[in-house]
Each structure stands twice: as structure tokens, then as C-alpha cells.
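Protein chains in written order, with this note's numbering: chain A, 26 to 793; chain B, 384 to 628. Heads up, the beta-carbon is just placed ideally off N, CA and C, and yes, glycines get one too. As C-alpha cells, the structure follows; a few thoughts come after it.
The structure is reproduced here in C-alpha cells:
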């Protein structure tokens with residue numbers, strides 16, 4: 026009986042609980058008398074053995090402690106010593122326990138026995154699996170050259186294996202969906218304006234000390250990065266004013282002082298009009314701009330025709346609201362957080378420019394290096410790792426699929442859209458082998474139908490995976506990776522407002538036959554005959570890195586697994602020097618004009634929805650990460666499926682009710698799996714929204730399979746960002762299919778003349 | 384007398400559900416049961432503007448709990464002790480309100496798993512854990528077990544935005560007392576159901592409006608704990624008897 030466990034109290038707990046009187050007296054006494062001898066356990070997670078580590082339920086990587094009782098992980102909490110999150114972790118961080126114990130985990134190396142995608146596997150040995158991967162890497166390289174190898178990577182698990190692809194000499198050794206499907210355009214815009222990646226994995230924006238904040242399409246709160254959310258909330262509770270621009274009334278919009286429900290695709294028009302307004306009204310920081318920025322006169326000239334009156338019909342916003350918002354921000358400058366955004370692969374053309382416009386707005390306000398503004402990273406010192414991978418002289422391909430197409434792509438790798446195209450067509454050169462690590466590419470890269478078609482053409486495809494995702498079931502060999510709770514990774518430093526150094530270390534031993542990413546990469550390198558990875562195990566190189574910080578693993582653990590440092594985020598505006606070639610913040614970017622791209626943002630409209638359709642946008646469920654957590658028992662229970670948000674007036678006219686189950690059909694005739702409708706005034710009439718990551722198509726994910734609909738399978742049309750080759754995600758349109766009947770959605774806010782309408786060239790139905 | 388209480392600040396809450404999961408982990412609450420939940424509301428129009436907010440809920444440890452009155456277990460005399468050593472003798476059933484902390488607790492040893500208290504709660508804050516060989520009622524304890532170790536409740540400790548404030552309402556210096564007495568904190572009550580919940584909500588007017596409209600209970604559920612449940616009590620009693628034999 027479970028109450029016996031409850032009463033198995035240790036002597037110390039008995040003393041502590043005496044005051045509380047939880048049980049009735051005689052039983053209580055008896056239990057305590059026995060406590061000395063019995064194998065004891067405190068209630069809940071109390072008394073567990075705690076190991077400090079780092080979360081990887083998302084990539085924000087909060088410091089955590091794993092709490093283990095009788096060899097079993099019972100709970101995860103934030104590391105109380107962490108200056109960023111303290112004892113807190115989000116729902117996903119709390120649910121790491123159920124990733125570790127997910128019964129659907131890939132337990133052994135697997136070899137495909139059915140067709141690709143059929144999910145038929147045979148269990149094989151590690152020797153066989155690794156030999157087969159190594160053999161294919163060498164064979165494909167020999168037959169088709171090094172560039173026929175491509176690696177899709179994300180997160181800590183992928184870092185070691187990347188070195189193998191690099192060593193083999195391919196230009197396609199890193200094709201991170203994290204850049205080409207997410208932060209790329211924003212990262213490039215800020216890198217070129219400020220000389221550092223103000224937004225990429227991290228966002229260096231001091232919301233905690235802001236007097237006003239601007240969010241454009243950023244939905245903090247549904248997008249849960251703990252320290253970031255905390256700083257946002259701290260800022261608000263300190264009285265900061267908030268302006269949110271978003272076609273959807275997000276969790277952040279719900280906290281806004283001014284909410285602007287903008288027409289999708291017109292953010293740059295708003296930003297240009299705002300810039301022009303503060304320049305002509307003299308509301309910009311003249312001293313700051315004069316001293317620290319270059320290109321102001323070109324900017325002034327370039328934006329002079331963009332008035333609020335011009336922007337109003339384009340953005341579908343009243344002039345007075347746009348004016349009220351910019352005046353609020355101006356009034357509080359320079360202590361304004363012009364949030365740089367994060368996920369920015371929206372419309373293809375214009376994405377880099379939109380974030381460049383945000384970067385310029387912050388500079389015009391002088392909101393750089395000051396409290397409340399953009400700030401500078403504080404690098405934390407650690408030892409340099411030399412894995413000893415001998416890189417072959419990279420043989421440049423006759424035609425690169427990275428820099429020959431997109432001048433700024435190679436900063437980040439090869440665009441995923443180009444890899445897929447080369448795989449499908451063999452042009453400009455054949456790509457015949459894919460390695461995948463830490464990313465479910467089928468549910469991440471636009472047009473999964475095309476991705477699957479490309480996979481069918483490959484000679485070989487393998488992945489390191491934890492769960493049997495769509496990508497795993499399309500692989501020839503699956504290498505079962507250990508979760509972040511079962512392995513070491515490299516030393517991890519955090520350079521935001523609360524700098525620290527910590528390390529990921531196993532809180533339990535790897536389960537089944539899973540292995541750490543380092544072990545897998547090292548074994549693979551050995552079998553491919555590559556001279557790589559000079560260390561025998563993770564602890565060896567962790568000690569090397571820690572030595573550079575004056576620490577050892579033992580001394581770090583004695584300090585609670587984490588060491589904090591002073592931050593140095595602010596700069597004297599009189600002595601500001603940024604890391605661009607001339608030390609100035611660039612309001613006009615010559616590197617762009619050198620490549621025949623706009624040096625100053627222009628408004629390039631993205632086509633409006635065709636009649637009968639609305640634009641599909643997507644975002645996050647606060648309890649899920651990508652498609653990674655939908656099978657997690659606890660998180661699935663919080664949010665098992667997604668809903669499609671439809672405007673209440675549109676729904677009423679179309680006869681669609683809240684909670685009704687429908688199917689979505691996109692402009693190319695592809696249909697979604699059934700999904701429930703959420704009818705709300707919190708979305709524009711020309712837009713529909715759904716949280717990303719649901720509607721898994723892997724039957725082996727027993728909880729996630731067919732739960733809700735996948736936004737990704739509705740994104741079949743994309744355009745590439747001309748600057749860096751990221752592919753767009755918000756260029757697709759949907760209508761509703763209810764009980765087999767196609768329903769055209771009424772148009773309640775038609776686009777103005779300036780915005781062309783998307784035309785459906787050929788209609789096809791019967792997509793999967 | 385002390386009364387433990389919680390104030391939840393909806394202006395800080397972002398609806399991340401960390402509280403619900405931390406509670407589940409801490410107390411091994413099996414899916415799909417809950418001691419602690421987050422329900423999402425909106426975006427919906429209110430007279431005070433568009434609202435998109437959350438109902439982070441848990442047992443209210445009410446001033447006049449009704450769950451304790453429907454427990455069929457014979458009352459037993461018990462001596463309660465306060466942390467500063469005072470004692471009080473009281474006859475209690477298998478579920479009771481602790482006179483010194485105001486926490487409504489379940490004596491799992493005496494609970495017969497009849498489910499009466501589960502049905503009586505107008506907030507749905509209790510569940511019958513049928514995963515156990517011997518089903519028992521279960522609910523939030525305000526983490527009194529953790530408090531005894533000087534720790535905050537698990538949901539408070541994990542709350543990423545600091546939206547949960549916990550303390551003793553009888554202590555005039557406590558943060559909860561200050562918030563409840565000055566900020567116009569909302570209790571989820573109605574004309575029909577007004578039993579003194581000790582979880583309070585503060586935040587924007589529109590959000591409190593939507594919360595109250597959507598989740599203030601109106602059904603006096605404890606008055607409907609009737610015949611079908613009696614059969615279950617009998618069943619539970621027989622099961623216990625068989626087990627004893």
C-alpha cells in the first residue's frame with residue numbers, strides 16, 4: 026500500500042514533521058521509531074541526490090539539477106545557483122523526466138528493412154551500424170566527391186559529428202534549420218549593422234531595465250526561454266510600456282499598452298514610416314547618431330517618402346495608433362527595447378530588410394549599450410578545445426550551392442533549400458548522402474513532400490536520434506543517442522546579463538544501448554579512418570576547457586556546478602566602438618550594395634491571400650519545443666493537439682463554429698489532417714494561426730501520432746531570402762474543408778493596390 | 384489562527400504550465416489526474432478589452448471547506464500542534480482542515496477512497512487516484528511536507544515569472560496579506576458558492592473579469608453528494624473488510 030511509502034520517514038524528517046502532525050499520532054510515532062532501521066525515503070522529491078547539469082528540452086539551455094532517488098530520476102529543477110533561472114524551469118524543463126523514460130525511445134541501433142518512411146527496422150549491433158555509416162560516407166565521397174555529403178544539424182548533440190563532415194571536405198557540413206528556417210535573416214541583419222549577432226541563439230536586449238518595449242511578431246510567453254521571459258516580466262512590472270505588433274493577439278499582446286494588429290507582411294512599411302517620422306519630427310537621438318552611426322543621410326533620403334499616411338492602408342492600421350505607439354517609444358528613449366526578433370524566415374524577400382529596419386530603429390533611438398536597450402555580450406573565458414581533426418584542404422566546388430547563390434549564406438552554412446534541390450536534381454552537383462543530428466527535418470523545412478522526394482533519391486541517409494521521428498523512419502540507419510540527462514557535452518557559457526559557466530553532465534547512466542554523441546562521433550571517425558577527436562572521453566576535454574577558466578570538474582561541482590561572472594553589457598555612448606569595419610553602427614550597409622542588394626531596407630510587399638483563402642501563420646505552444654516534445658507524457662497531457670485560430674467574423678460568415686473539426690487545404694491543394702477550430706476575435710480576418718509541431722506522421726510516436734495538424738505540411742510554397750538563402754514559411758494560404766465540402770473564406774479586409782494578390786496558377790486537389 | 388494562502392498575479396503569468404508539471408513531478412501525480420492546473424482563456428472580448436489569460440488553479444484550502452463535511456469516515460480525536468508548540472485537540476474525519484495552517488489535508492491512512500470529497504469540491508480540485516491498488520483521494524497540500532523542510536511549494540518554486548506568492552494571511556507583514564488587503568485580489572466565488580477560497584488572483588481588470596466569468600463555480604456540488612456515492616462507500620467498506628479478513 027502506498028501509504029507505507031508515505032510513512033517511511035527518515036529520522037530527520039520525523040523531527041521536522043513533528044510540528045505538522047501529518048498522520049495520527051500512534052502511527053506517526055511507530056513510523057518514526059522504525060525510521061532508523063528501515064530503508065527510508067522522504068516524501069516527494071525531498072532527499073533526492075542532486076546532480077547539476079544543463080537542460081536541453083529547448084536550446085536556451087537553462088542550468089538544472091536532476092534529482093535522483095533509488096537510481097531513478099524523479100524530478101528536474103532549476104539550479105538554485107543559476108543567476109539566470111535560479112530554481113525555475115519551464116513546463117518542458119520539468120518534463121525532461123518523461124523524455125528519459127519515454128517508452129517509444131530508440132533503444133538500439135536500427136537498420137531499415139522496409140521502404141524509406143515505412144518504419145520497418147531490424148535491431149543491429151553498434152559495430153554493424155557504425156561500420157555501415159562509415160562505409161557509406163567513404164563510398165559516396167569516393168564516387169561523387171566530398172560535396173555529395175550533407176549534414177543537417179542542430180543543438181549540442183550535433184556538434185561533434187559536424188567535425189566528421191567538415192574533415193571529409195564537404196562544403197555542406199552545416200545546414201542548420203536553426204538558421205535557414207529560423208534566425209538567419211535577423212542574425213545577418215544585426216551582424217552587418219552592429220558587428221555581432223545581436224539575435225541568433227540569444228537576444229541581447231535589456232528588457233528588464235527598459236522603460237518601453239517594442240515586439241514585432243515576437244510572442245514571448247508562448248515562446249518560453251526562461252531568463253528571457255523573466256526579464257520581460259520584470260521590465261513590465263517595473264512599469265515599462267509595451268507595444269506589440271502582431272496579426273494575432275498573442276500572450277505578449279495581452280500584456281501590451283498598445284496593440285497593433287498589422288496586416289501580415291507589412292511590418293517593414295510600418296518601420297520605414299516610423300523611421301521617417303522620428304527623423305522628420307526630430308525625435309531621434311542626434312548626438313548618438315552623429316557620433317556612432319554611419320549612413321544617416323542616405324537613410325534619411327531613402328525613407329523620406331514613407332509617411333504614416335502612406336503606411337496606414339498598407340498595414341491596415343489607423344495613423345493615430347501608429348503615431349501613438351512611436352511617440353510612446355520615443356518618449357522613453359534611449360531606454361527602449363526594440364526587440365530584434367528571433368524566428369525571421371517569414372516571407373523570403375524582405376526578411377533581412379525587416380530586421381535591418383528594427384536594428385536601425387534601435388540605433389536612431391540611441392538604444393544601444395544603454396540600460397533598457399540592445400547590449401553587448403560578456404564573453405566567459407574557457408579553455409580552447411583542439412579535437413585534432415585534420416581538415417582536408419576544402420576542395421571548392423565549381424559552383425557552390427551556398428555562396429554562389431546567396432552572398433551571405435556561407436556565414437551560416439549551405440541553405441537547406443539548395444541541398445534539397447541539388448539532391449533532387451543532381452544540379453549543380455549531386456548530393457547523395459545525408460547525415461542528420463538533433464533535428465526532425467521533415468517537420469522543419471518547408472515543403473516536406475519535396476524533402477521526402479529528395480530522400481528517396483539518396484544513396485544513403487542516417488541519423489542520430491532519441492525518438493522515432495519522421496526523420497528517423499526515413500533513415501537507413503538510426504543511431505540511438507543518449508538524452509541530455511545521460512551524457513556529458515562541452516563546457517557551456519552564457520554571455521547575457523547574468524554570465525555564467527556550467528557543464529552538462531549525466532544525472533543517470535545511459536539507458537538501453539544508447540550512447541553519448543561524443544562516443545558516437547569518435548567511433549564513427551575511427552571507422553572512417555579519420556584522424557579526429559584526440560580525447561578518450563568527454564571528461565578529458567571538459568577538464569581541458571575548465572582549466573582555461575581556472576577550474577576542474579571537481580571544483581566546479583563543489584561550487585554547485587556553476588560559476589557566475591560580472592556582466593559588462595553597457596557602453597559609454599561617447600566611447601562606443603562596435604565590431605564593424607569602421608567601428609560605426611551601419612544605417613546603410615555597403616556589403617549589401619556590393620552584392621547588388623538594398624543597402625537600406627525597402628518595402629517589398631509579399632503577395633496577399635487569393636480570394637477564398639487566408640494567410641497561414643504559426644507560432645509556439647508554450648509547453649512544446651518544435652516537434653520534439655509532443656510525445657512527452659506530461660507535456661502531451663497539457664497540450665495534446667493544436668487548434669487553427671480563425672477570426673470570429675470570418676467563422677460566422679463561413680458557418681464555422683468554435684471547436685469544430687475541419688481539414689485545411691492550401692493553395693497547392695494539399696490537405697491537412699483534421700484539426701479543431703478556435704474561433705476568436707484575437708486574429709485578423711485575413712490570417713489563420715496554428716501552433717507548430719503537432720500532427721506527427723510517425724506511427725511509432727504513440728502519443729504524438731496524428732494529434733492535431735502539422736503546419737509544416739501546409740507550407741509547400743516558399744521563397745528564399747536573397748541575402749542568405751533562408752526559406753520562407755508564411756507564404757502559404759489556406760481555406761477550410763468541412764465534412765468534405767470546401768469552404769471559401771470571406772474577405773473582410775481586402776489588400777490595397779500596393780499589395781499584389783497571390784494567384785493560384787493551377788488548382789490541384791488530393792494532396793496527402 | 385494561521386491561514387496559508389496563495390496569490391496568483393495574472394499580469395505576470397505567461398501561461399507556461401511549469402507549475403502544473405512541477406507539482407506532478409514532485410508528488411508523482413499520474414496522468415491525467417491533477418493537483419494543479421493551467422486552463423487557457425481567450426482571446427475573448429470583455430467590457431474592459433480583449434483578454435487572453437490563464438486560470439492557474441489548485442485546491443483553495445477554503446475557509447469553510449465542504450469536502451471535509453461529506454467524508455463518511457468516523458471522526459477521531461486528534462491532537463494538532465502548531466510550529467510554535469501550541470496544541471489543539473479536535474475530532475476529524477479522513478479529510479480535515481488543519482487548525483494551525485488552514486491547509487485542507489487528507490489522512491491517507493484513513494481515507495477509504497469513496498470519492499465523496501472529490502464530487503463535493505466545486506473547483507474540481509480533488510481526484511480519486513484509481514491507479515493505486517487501494518484508491519485514495521488526493522489533492523494539493525500546499526506542499527506542507529516541503530514547508531517543513533524550509534522549502535516553498537513546488538509550483539511556487541518553479542514559477543518562471545514569479546507570478547505565485549505564497550504565505551500566511553494572518554501575518555500582517557506577509558506579502559500575501561499585503562496583496563490581498565490592498566490590491567483588490569479576486570476570490571473565485573459566486574452568489575451560490577462562497578466558501579472562502581484561499582487562492583487569490585490579481586492582475587489586469589479584463590483578465591480578472593474573464594477568469595471570474597469563466598471559472599467562478601456556481602454549482603453547490605457538495606449538496607449533490609448522494610445515493611450513488613453511498614453505494615461506493617459500501618463497496619469500499621466491503622473491500623476493506625475483505626482485505627482485513
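Determine the extent of the beta strand (DSSP E) in which residue i is found, giving its start and end residues.
i, result
"residue 460 (chain B)", "459-464"
"residue 518 (chain B)", "Segment: none, residue 518 (chain B) is in no beta strand (DSSP E) and carries neither H nor E."
"residue 459 (chain A)", "458-462"
"residue 671 (chain A)", "668-672"
"residue 98 (chain A)", "97-103"
"residue 247 (chain A)", "Here residue 247 (chain A) belongs to no beta strand (DSSP E), and DSSP marks it neither H nor E."
Just to make sure I have the definition right: I need the residues of chain A whose C-beta is within less than 7 Å of the C-beta of residue i. Which are they?
i, result
"residue 433 (chain B)", "274, 706, 707"
"residue 428 (chain B)", "706"
"residue 410 (chain B)", "69"
Taking only three categories from DSSP, how would you classify residue i?
i, result
"residue 634 (chain A)", "coil"
"residue 683 (chain A)", "coil"
"residue 425 (chain A)", "coil"
"residue 400 (chain B)", "coil"
"residue 54 (chain A)", "Residue confidence for residue 54 (chain A) is low, a pLDDT of 33 falling below 50, so the modelled location carries little weight; the figure read from the coordinates is stated next. In this structure, residue 54 (chain A) counts as helix in the three-state DSSP scheme."
"residue 624 (chain B)", "helix"
"residue 441 (chain B)", "strand"
"residue 91 (chain A)", "strand"
"residue 595 (chain A)", "coil"
"residue 323 (chain A)", "helix"
"residue 810 (chain A)", "The displayed coordinates of chain A run from 26 to 793. Any statement about residue 810 (chain A) would go beyond what the structure contains."
"residue 628 (chain A)", "coil"
"residue 611 (chain A)", "strand"
"residue 534 (chain B)", "coil"
"residue 61 (chain A)", "Note that residue 61 (chain A) has pLDDT 37, beneath the 50 cutoff, so the model's placement of it is unreliable and the number below is only indicative. Three-state result, residue 61 (chain A): coil."
"residue 47 (chain A)", "Summary for residue 47 (chain A): the model assigns pLDDT 36, below 50, so the residue's position carries little reliability; its value from the coordinates is reported in the next sentence. DSSP places residue 47 (chain A) in coil when its eight states are reduced to three."
"residue 546 (chain B)", "coil"
"residue 471 (chain B)", "strand"
"residue 474 (chain A)", "helix"
Closer than 8 Å by beta-carbon distance: list the chain A residues that pair up with residue i, in chain order.
i, result
"residue 585 (chain B)", "Simply none; closest approach about 12 Å."
"residue 394 (chain B)", "261, 262, 280"
"residue 415 (chain B)", "662"
"residue 529 (chain B)", "69, 71"
"residue 436 (chain B)", "279"
For the alpha helix (DSSP H) holding residue i, just list the boundary residues, first then last.
i, result
"residue 362 (chain A)", "Run containing residue 362 (chain A): none in the alpha helix (DSSP H); it sits in the beta strand (DSSP E), 361-363."
"residue 598 (chain B)", "588-598"
"residue 584 (chain B)", "Counting along the chain, residue 584 (chain B) falls outside any alpha helix (DSSP H), though it belongs to the beta strand (DSSP E) covering 582-585."
"residue 302 (chain A)", "292-305"
"residue 261 (chain A)", "251-262"
"residue 210 (chain A)", "209-219"
Give me the chain B residues within the contact set of residue i, using Cβ-Cβ distance strictly less than 8 Å, ordered along the chain.
i, result
"residue 608 (chain A)", "In chain order: nothing, as chain B lies at least about 38 Å away."
"residue 663 (chain A)", "400, 403, 404, 421"
"residue 255 (chain A)", "543, 544, 545"
"residue 249 (chain A)", "397, 399, 543"
"residue 102 (chain A)", "405, 540, 541"
Report the CB separation of residue i from residue j in whole angstroms; it is logged as a contact under 8 Å.
i, j, result
"residue 546 (chain A)", "residue 537 (chain A)", "Actually they are not in contact, since the Cβ atoms of residue 546 (chain A) and residue 537 (chain A) sit about 19 Å apart, beyond 8 Å."
"residue 532 (chain A)", "residue 69 (chain A)", "Not a contact, Cβ separation roughly 18 Å."
"residue 583 (chain B)", "residue 594 (chain B)", "The Cβ separation is near 11 Å, so there is no contact."
"residue 516 (chain A)", "residue 567 (chain A)", "6 Å"
Using the beta-carbon of each residue, which ones in chain B are nearer than 7 Å to residue i?
i, result
"residue 666 (chain A)", "Near residue 666 (chain A) there are no residues of chain B at all, since even the closest Cβ is about 13 Å away, more than 7 Å."
CB of residue i to nearest heavy atom of the ligand NAD: below 6 Å?
i, result
"residue 540 (chain A)", "The ligand content of the structure shown is nil, which means the ligand NAD is not present either."
List, in order along the chain, the chain B residues whose C-beta lies closer than 9 Å to that of residue i?
i, result
"residue 115 (chain A)", "399, 400, 401, 404, 541, 543"
Under 7 Å between beta-carbons, which chain E residues line up against residue i? List them in chain order, please.
i, result
"residue 658 (chain A)", "Among the protein chains in the structure shown, which are A and B, there is no chain E."
Q. Which parts of the region 702-786 of chain A are runs of the alpha helix (DSSP H), unbroken and 4 residues or longer, counting only runs that do not cross its ends?
A. Considered as a whole, the region 702-786 of chain A harbours no complete run of any alpha helix (DSSP H) with no fewer than 4 residues.
Q | Start-end ranges of the beta strand (DSSP E) lying completely within the region 484-560 of chain A, minimum 3 residues | A | With a minimum length of 3 residues, the continuous beta strand (DSSP E) runs that stay inside the region 484-560 of chain A are 485-490, 502-505, 516-519, 525-528.
Q. Fully enclosed by the region 146-198 of chain A, which beta strand (DSSP E) runs are 3 residues long or longer?
A. Look at the region 146-198 of chain A and you find these whole runs of beta strand (DSSP E), each 3 residues long or longer: 146-148, 174-178.
Q. Taking only runs of the alpha helix (DSSP H) that begin and end inside the region 335-415 of chain A, which ones reach a length of at least 4 residues, in chain order?
A. You should have 344-356, 376-389.
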